[in-house]
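Here is the structure we will look at, set down as structure tokens.
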Amino acid sequence: MSQLLDRKLKHFFTLMDRDQSGTLELNDYLTTADNVRSAFGIAEGSAEHHELRQAFTRFWEDVIKPMDTNGNGHVNFDEYLTAYNAGVRDDPQGYQRMKPISDAILTIADTGSTGKVTADDFARALSGYGVPEPECRVAFTALDKDGSGFLTSDELQTAIEEYFLGTDPELPGNALFGRF
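For the sequence shown, position 176 matches number 176 in the UniProt record's numbering, and the numbering has no gaps at all.
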């Protein structure tokens, strides 16, 4: 594994560790879902809120929870990195298990139902993950390859793949979750 990818994964792990316990647990993912809900003004308990929480719960159940090799209900970074290498990076189908969250975020961030995400909506979505707004703006500019002022779902999917799979330091997707 490259040092760059290790650093990106550590950064994302730290962002997702919402209670700063040094481990991931379901509540960290639900807190992120609730933060994204709040950033978009989605009513607590609404169908959209429920769908978002379900997407994060499915991701926890299908991807993160199985990384818990000692069965304590928490995933530390070593467990995360080991399982990531075996289940996502080295397994062509592994990355596909990450799609429920990206799809849920894309649906919410596409507030105009145009298939495009504005810089403001992109910043709101990533703020739910704890990425500072100035870093969201830098990331948006890097990811908006055609300078249209929007990110399409294809541009966002490419960025997500570049972040979680890319080892080239020049990839625009490296900026997706802010500085690391």
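For every residue, glycine included, the Cβ atom is placed at its ideal position computed from N, Cα and C.
The model shown is predicted, which means the values in this text are computed figures rather than measured ones.
Close beta carbons around residue i, own chain, < 7 Å, minus the five adjacent residues each side
{"i": "Gly112", "result": "none"}
{"i": "Phe12", "result": "Phe177"}
{"i": "Arg18", "result": "Asp28, Thr31, Thr32"}
Coarse secondary structure for residue i, derived from DSSP in three states
{"i": "Thr141", "result": "helix"}
{"i": "Phe12", "result": "helix"}
{"i": "Leu176", "result": "coil"}
Same chain only: Cβ atoms within 6 Å of residue i, ignoring 5 sequence neighbours per side
{"i": "Leu176", "result": "Ala139, Ala159, Tyr163"}
Boundaries (first-last residue) of the beta strand (DSSP E) holding residue i
{"i": "Lys116", "result": "116-118"}
{"i": "Leu151", "result": "150-152"}
Whole-Å CB distance - residue i paired with residue j, under 8 Å assumed
{"i": "Ser153", "j": "Leu106", "result": "5 Å"}
{"i": "Cys136", "j": "Phe150", "result": "Wrong, their Cβ atoms sit about 15 Å apart, outside the cutoff."}
{"i": "Val131", "j": "Leu15", "result": "7 Å"}
Buried versus exposed call for residue i [16 or more other C-beta atoms within 10 Å across all chains shown]
{"i": "Asp103", "result": "exposed"}
{"i": "Thr32", "result": "buried"}
{"i": "Ala43", "result": "exposed"}
{"i": "Arg53", "result": "buried"}
{"i": "Ala55", "result": "buried"}
Chain-order list of residues whose beta-carbon lies under 8 Å from that of residue i (same chain, five-residue window excluded)
{"i": "His74", "result": "Ser21, Thr23, Leu24, Glu25, Asp68"}
Run of the alpha helix (DSSP H) containing residue i, from where it starts to where it stops
{"i": "Leu171", "result": "First-last for Leu171: undefined, no H or E at that position."}
{"i": "Val88", "result": "Element bounds for Val88: n/a, residue is neither H nor E."}
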